[in-house]
Every structure is written in structure tokens, then in C-alpha cells.
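Chemist: Counting along the sequence shown from 1, when you hit position 15 you're at 5 in my numbering, and nothing is skipped either side.
Before anything else, here's the structure in question.
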Amino acid sequence: PTIRNLSERLGQRHQARVLRINPREAQIGKPHLSFASGSVEALSGIAAELHN
């Protein structure tokens, strides 16, 4: 949880949204986004959505 907490704080500080990709522990606080999958699957899905 240390990296997740740091990511959330940095996202809030810089008014950025964090994308957390983790198949086992994908939870992250709002307004951040999480993907409960592996990295290749998640990034492929994101790329597909961006091209639609």
C-alpha cells in the first residue's frame, strides 16, 4: 500500500488522475482509476478505447 498511497498523494498534489493496474489489489481511492488485470491486457484495452 505504500506505493499506492504515494501515488494517490502525488495525483492529488498535481491534480492528476492515477491509473492503477494490478490483478490482485486494484483498489484505489477516487478520482483515480483502477484495472484489475495484467498490464498488457489493461494497456491494450486502453489503447483500443483511445482509437475508437
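Beta carbons: idealized from backbone N, C-alpha and C, even for Gly.
Let me make sure I understand the geometry here. Which of Asn12, Gly19 and Gln5 has the alpha-carbon closest to that of Ser27?
Modeler: Along the sequence shown, read from residue 1 onward, the residue named residue 27 stands at position 37. Nearest option by C-alpha distance: Asn12.
Chemist: So what does Ser24 bridge to, in DSSP terms?
Modeler: Taking the sequence shown and counting its residues from 1, the one referred to as residue 24 is at position 34. According to DSSP, Ser24 bridges with Arg10.
Chemist: For Ala6, which residues in the same chain have their Cβ closer than 8 Å to its Cβ, ignoring the five residues on either side in sequence?
Modeler: Here residue 6 is taken as the residue at index 16 of the sequence shown, counted from 1. Answer for Ala6: Leu0, listed in chain order.
Chemist: Contact defined as beta carbons within less than 8 Å: I believe Ile18 pairs with Val8. What is the distance between those atoms, to the nearest angstrom?
Modeler: In the sequence shown, counting from the first residue as 1, residue 18 sits at position 28. In the sequence shown, counting from the first residue as 1, residue 8 sits at position 18. Yes, they are in contact, since the Cβ atoms of Ile18 and Val8 sit about 6 Å apart, within 8 Å.
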